[in-house]
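Asker: When we follow the working numbering, the leftmost residue of the sequence shown carries the number 604, and every step to the right adds one.
Just so it is clear, CB atoms sit at the ideal spot from N, CA and C, and this is done for glycine as well.
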Amino acid sequence: QLVESGGGLVQPGGSLRLSCAASGHFFSLYAMGWYRQAPGKQREWVGNITSDSVTVYRNSVKGRFTVSRDNAKNLVYLQMSSLKPEDTAVYYCRAYMTDYGVDYWGQGTQVTVSS
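1) Beta strand (DSSP E) containing GLU607: first to last residue?
2) Does DSSP classify THR658 as helix, strand or coil?
3) Counting C-beta neighbours from all protein chains within 10 Å, is the total for PHE630 16 or more, i.e. buried, or is it exposed?
4) Go ahead and label SER653 buried or exposed: buried means 16 or more other beta carbons lie within 10 angstroms of its beta carbon, across all protein chains shown.
5) Along the chain, where does the beta strand (DSSP E) containing PHE668 start, and where does it finish?
6) Please classify GLY704: is it buried, with 16 or more other beta-carbons within 10 angstroms of its beta-carbon, or exposed?
7) Starting from SER690, follow its DSSP beta bridges and name the residues at the other end.
8) Do you know offhand how far GLN682's Cα is from GLN645's?
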């Protein structure tokens, strides 16, 4: 089970940190991803972190967003800074192991960037 938290309303240029808490075992073996879905749009990938803590990001968030993980606490984070109105979306956390066909999603947390 994955549970996201930390969403809310923030002004343009502000920052937020989202958290995703995972239950169960072997958290460190999962790749973790962050996705978002804006109203009327398809869900899109934001960034992810591998089991080896290698991170990759979509171009529009590079330099502004950072994904990290704490395997001891079964947590993954999405630190967002210099937020823009176009970052407004529901943000989802994903845990997956492609080779084993394992794929879990959280319920999402709303992020609204507005003045």
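Answerer: By the coordinates alone:
1) 605-608
2) strand
3) buried
4) Checking the sequence, you will find Thr at residue 653 rather than Ser. By the neighbour-count rule (16 or more Cβ atoms within 10 Å), THR653 is not buried but exposed.
5) Counting along the chain, PHE668 sits inside the beta strand (DSSP E) bounded by residues 668-673.
6) exposed
7) A quick correction: the sequence has Asp, not Ser, at residue 690. ASP690 is not bridged to any residue.
8) 22 Å
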